[in-house]
Amino acid sequence: MKFFIVLLITLNALAFYLYQQEIVDVVEKKEVVTHSSEQPLLQLASEHIDLPELGSLVEFIPYCYEIGGVKKTLLDRLVARMNEAELSIQSDLQKRDEIENYWVYIPAQETLNQARALYEEMVRMGVKDLYVIEAGKNKNSISLGLYNQHAAALDRLAWFTAKNITASIAPRYKVRNIYRVDIGPLSALQNEKMLEIMEDQFSSIEYENSSCI
33 MKFFIVLLIT LNALAFYLYQ QEIVDVVEKK EVVTHSSEQP LLQLASEHID
83 LPELGSLVEF IPYCYEIGGV KKTLLDRLVA RMNEAELSIQ SDLQKRDEIE
133 NYWVYIPAQE TLNQARALYE EMVRMGVKDL YVIEAGKNKN SISLGLYNQH
183 AAALDRLAWF TAKNITASIA PRYKVRNIYR VDIGPLSALQ NEKMLEIMED
233 QFSSIEYENS SCI
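Number 114 in the numbering used here belongs to position 82 of the sequence shown; there are no gaps in the numbering.
If you want it as C-alpha cells, here you go:
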C-alpha cells in the first residue's frame, strides 16, 4: 500500500514537471515569434518612408540682370543668343539725348554789322574755320568750329580767351534709340550659362544685378 502511494506522488511530480516545461517552451516560442515578426515590420516601414531630396529643402533664389542700354544691332545679336540658350530676355526701347559734338562760338553781337566786323578782325589775326551766322536762333553769332572731343573744344576756347575774345562752348545733342535689357529670372544652372555667354561673346556689354520683381 505504501508503495503505491509513493508511486502516485512520483507520477504527479513528473506530470507537473512536464507541464512546466511545456509552459516554458510556449513562452520562448512566443518571444521568438514576436521578435521575428517585429523586425520585418520595422524594416518594411523604413523602406517606405519617402525622405525629401536635399534640393527641395533649399529655397529657389532666381538671378536677374539689367543692361543699361545697347544699340539695335547689338541687341539683335544678344536676343538671338539668349533665345538659343533658352534664357529669358526682355528689352524696352528708350530715347536718349547723347552729346554728338561740342560747338565753340562767339555769342551773338547786337547787330549783324558788328558780327561781321568782329569776323574780319579775327581773319586778320589769322583765325581760320569761322563764319558769321546770319539767320536763325543763333543769328549774329560767329561759329568757331565743331569738335568731337571736349578737350579739343577747350583748347580752341583757351586760344580765344588768351586774345581777350569772349567765346563759349555748347554741347550739341542727338537723339539715339537705346534699348534697356532685362535678363531673367534664371536658375543657378541658367545663371552659369548666361555668365559664360556674356564673358565669351558680349564682354563689351556692362550689366549688373537687378531685382526679379
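We put the CB at the ideal spot given by N, CA and C, even for glycine. For clarity, every value in this text was computed on a predicted model and none was experimentally measured.
Please state whether DSSP places residue i in a helix, a strand or coil.
| i | result |
| --- | --- |
| D161 | coil |
| A185 | helix |
| A194 | helix |
| E166 | coil |
| E240 | strand |
| A199 | coil |
Over the uninterrupted alpha helix (DSSP H) stretch that includes residue i, give me the two end residues.
| i | result |
| --- | --- |
| E228 | 220-233 |
| Y151 | 144-156 |
Quick one: is residue i buried, meaning 16 or more other Cβ sit within 10 Å of its Cβ, or exposed?
| i | result |
| --- | --- |
| G216 | buried |
| S243 | exposed |
| L250 | This structure cannot speak to residue 250, because the chain is shown only from 33 to 245. |
| V213 | buried |
| S200 | exposed |
| M157 | exposed |
| N209 | exposed |
| I245 | exposed |
| Y205 | exposed |
| V102 | buried |
Just curious, the beta strand (DSSP E) that residue i is in, first and last residue?
| i | result |
| --- | --- |
| N133 | 121-138 |
| E98 | 95-102 |
| S175 | 174-179 |
To which residues does DSSP link residue i through a beta bridge?
| i | result |
| --- | --- |
| I215 | Y97, I121 |
| N209 | K127 |
| R109 | Paired residue(s): none; R109 is not in a bridge. |
* Decide if the stretch 117-135 is in contact with the stretch 236-244; the criterion is three or more beta carbon pairs, one per stretch, under 8 Å apart. => no
* Asked: Between the stretch 180-191 and the stretch 150-158, do three or more beta carbon pairs fall short of 8 Å?
  -> no
* Does the stretch 161-172 touch the stretch 123-132, meaning 3 or more C-beta pairs lie closer than 8 Å? -> no
* For the 8 Å Cβ check, are there 3 or more pairs between the stretch 193-200 and the stretch 217-226? -> Touching, no.
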